[in-house]
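Protein chains in written order, with the numbering used here: chain A, 272 to 597; chain B, 272 to 597.
Everything on this sheet refers to the single structure shown next.
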DNA sequence: TTGTATGCGTTATCAT
DNA sequence: ATGATAACGCATACAA
């Protein structure tokens, strides 16, 4: 391994000169050229660890994601990646695999790595999260969930649920089947559902059956196969696009035609909803945009610029062919 | 920030004792308990950089992926992640965004980070790659493409293409439309196509029209809209599942019924092919398994155990409802 | 502009 | 079992 000392020796200068050459750059043209040459020849690159040991700035942002094979996560991530690149930040991406202990461990690891800020795609913020974050005194941004007294960016899921309900009511639907997920996930499990339920309150004669299923298509498919035959619903609300796609498959399997027999809608705005038959009406979320804005916000925090604790991103109803008038 | 010195001072011992306590652990019970307490109270964790500055082992594996929003990439990645976790390796995941300069930069970064080995999900290995790898003298594993004199793992894409062709011929098809991608991608663009073409050679009276499209569904969809009306093919071979899904959508749009009007098959074995109508016949690739084996192989290399330069993974034809006899 | 000396937090060597 | 000290590679305050 070639070090700054090697370069200095070969060039016949002090290593501080080399260091200066590498950083602020107050060196004479002659030595600069000499060093240019030697660095190139040797392929020398500064040792990150030695550098970071001294430095206060590492130019790195840490990201913690809940899992690797999620379409929405990866969209957010690619937004983060794009903006981080533009802002000349390096990214450290870690995966918690939906494991809380691992998530906390990842935060600690990132702090040790002296990242300048952490972006956490989270489901729930516990006291231990708070303690860790406070002790480290590091800019921290939670994505996808709101969190008291912590900077966060989230979608207005309650409103999204409400809008879906409103839309369905306007179409004349009164009997609903709702496929949700665990309330542990505040945004997806709780708020979407509550917003939806709230939207029905102004209308009489509505019925709702709620089924808790999973993010997994396979599980959701099976749950739909079980539930659809016993349902009188004319509109099936699915808490995610994946669930909607699975329910659609179950419907096809059971020979219920969609949307004639019942309408289906999802949440997420995944590209995949465009490539099934019928295409699925969905609440679209600006995932990539969230990633971009997350880095922007974090950059502000890093630079001591104040931002509101909570940033809400809009969502938009995309009507496609899976929903019709009753 | 609390350091090993703080701990030592508080415990009234030398920092070397604390270091020993942290590592091999040859300390008396009394001091151990004292240190346990203090470490817990202060929330002390060793500084990664200082550690890595001395240490020869970092316990980190570097991974370079071409993009963040690809289903296959993420499957591989989740296999890598799982096995790395089991093997107590930390992962550094970097994204090249399909940019060669960035890819080379990432390799350099990872080398600087003193990772113990690098896994590269690659399209092409250039001389500059080789130089970098050789100079660093670090275990290196290329995934998805073969590479001369570099350890690699790949699917037998040629064989996969051949098997698809064979299957279609057996079904009685003679007229083909092939949606491929750029030959720059050796595995997907070249080998699948060549294997397929080779399989037709034993049969007379076959016709093939080849169209080069893109990995993007949107582009593939548009290309299919343009190409399908002018095609007399009874079987459409798509070089990826995404392309197959896009072609299917185009077919529906154009009111061609699949598989009656023509059969469609893909490559990849994506879950998504199970959730469209009809479900799509595909060559399934063990993506996650590749990730797992990649870490196993890299671990061997790190430990100086020799493995063959080339590891080929099998693939399997999954027949579904998009292909029928002619 | 350049060189000298010091310190960053840790591990390793060698005494004790 | 424990402590003192050197070393890792680099940045920087200060002196020249």
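Even for Gly, the Cβ is constructed at its ideal location relative to N, Cα and C.
Using the rule of at least 16 other Cβ atoms within 10 Å of the residue's Cβ for burial, across every protein chain shown, is residue 470 of chain B buried or exposed?
-> buried
Going straight from the alpha carbon of residue 433 of chain A to that of residue 450 of chain A, what length do you get?
-> 15 Å
Could you tell me whether the Cβ atoms of residue 488 of chain B and residue 387 of chain A are closer together than 8 Å?
-> no
Along the region 316-336 of chain B, what residues have a CB closer than 7 Å to any CB found in chain A?
-> 316, 318, 319, 320, 321, 323, 324
Burial state of residue 558 of chain B (16 or more Cβ within 10 Å) = buried
Taking only runs of the beta strand (DSSP E) that begin and end inside the region 402-448 of chain A, which ones reach a length of at least 3 residues, in chain order?
-> 411-414, 423-426
Please list the residues of the region 461-490 of chain B that have a C-beta atom closer than 7 Å to any C-beta atom in chain A, keeping them in chain order.
-> 488
Contacts around residue 305 of chain A, its chain only, beta-carbon distance under 7 Å, and the 5 residues preceding and following it disregarded | 282
Can you say whether residue 590 of chain A is buried or exposed, counting buried as having 16 or more other CB atoms within 10 angstroms of its CB?
-> exposed
Between residue 551 of chain A and residue 524 of chain A, is the Cβ-Cβ spacing less than 8 Å?
-> no
Rounded to whole angstroms, what's the CA-CA distance from residue 571 of chain A to residue 379 of chain B? Just pull it up for me.
-> 29 Å
Identify the contact partners of residue 375 of chain A in chain B, using a Cβ-Cβ distance below 7 Å as the criterion.
-> Here the premise fails: no neighbours, minimum Cβ distance about 12 Å.
So residue 533 of chain A and residue 505 of chain A are in contact, right, with Cβ under 8 Å, and what is the actual spacing, rounded?
-> 5 Å
Span of the alpha helix (DSSP H) holding residue 380 of chain B?
-> 371-383
Between residue 476 of chain A and the rest of its own chain, which residues show a CB-CB distance below 7 Å, the 5 nearest in sequence each way excluded?
-> 445
List the endpoints of the continuous alpha helix (DSSP H) containing residue 538 of chain A.
-> Taken as a continuous stretch (DSSP letters only), residue 538 of chain A belongs to no alpha helix (DSSP H), being part of the beta strand (DSSP E) at 534-539.
List in chain order: all unbroken beta strand (DSSP E) runs of 3+ residues lying wholly within the region 293-373 of chain B.
-> 331-336, 361-366
Residue 383 of chain A touches chain B at which residues, Cβ-Cβ below 7 Å?
-> 316, 318, 319
From the DSSP output, in three-state form, read off residue 554 of chain B for me.
-> strand
Per-residue burial, residue 455 of chain B [other beta carbons within 10 Å of its own, 16 or more giving buried] = exposed
Could you confirm whether any beta carbon from chain B is found closer than 8 Å to the beta carbon of residue 517 of chain A?
-> yes
From residue 585 of chain B to residue 462 of chain B, what distance separates their C-alpha atoms?
-> 15 Å
Residues of chain A with CB under 9 Å from residue 406 of chain B, in chain order?
-> 314
Buried or exposed: residue 289 of chain B, going by 16 or more other Cβ atoms within 10 Å of its Cβ?
-> buried
Residue 484 of chain B and residue 516 of chain B closer than 8 Å at C-beta | no
For residue 275 of chain B, which beta-bridge partners are listed by DSSP?
-> Bridge partners of residue 275 of chain B: none, in fact.
Give me the Cα-Cα distance between residue 510 of chain B and residue 460 of chain B, rounded to the nearest whole angstrom.
-> 7 Å
Can a CB atom of chain A be found closer than 8 Å to the CB of residue 564 of chain B?
-> no
Along chain B, which residues have their Cβ under 8 Å away from the Cβ of residue 547 of chain A?
-> 546, 547, 548
With a cut-off of 8 Å on the beta carbons, I'd call residue 309 of chain A and residue 332 of chain A a contact; round off their distance for me.
-> 33 Å between Cβ atoms; not a contact.
In angstroms, rounded to a whole number, what distance separates the CA positions of residue 330 of chain A and residue 320 of chain A?
-> 13 Å
Using DSSP with H/G/I as helix, E/B as strand and the rest coil, what is residue 478 of chain A?
-> strand
Complete runs of the alpha helix (DSSP H) confined to the region 488-521 of chain A [at least 4 residues] = 488-498
Neighbour flag for residue 307 of chain B against chain A, beta carbons, 8 Å | no
Going straight from the alpha carbon of residue 322 of chain A to that of residue 324 of chain B, what length do you get?
-> 10 Å
Have a look at residue 438 of chain B and residue 535 of chain A and give me their C-alpha separation to the nearest angstrom.
-> 37 Å
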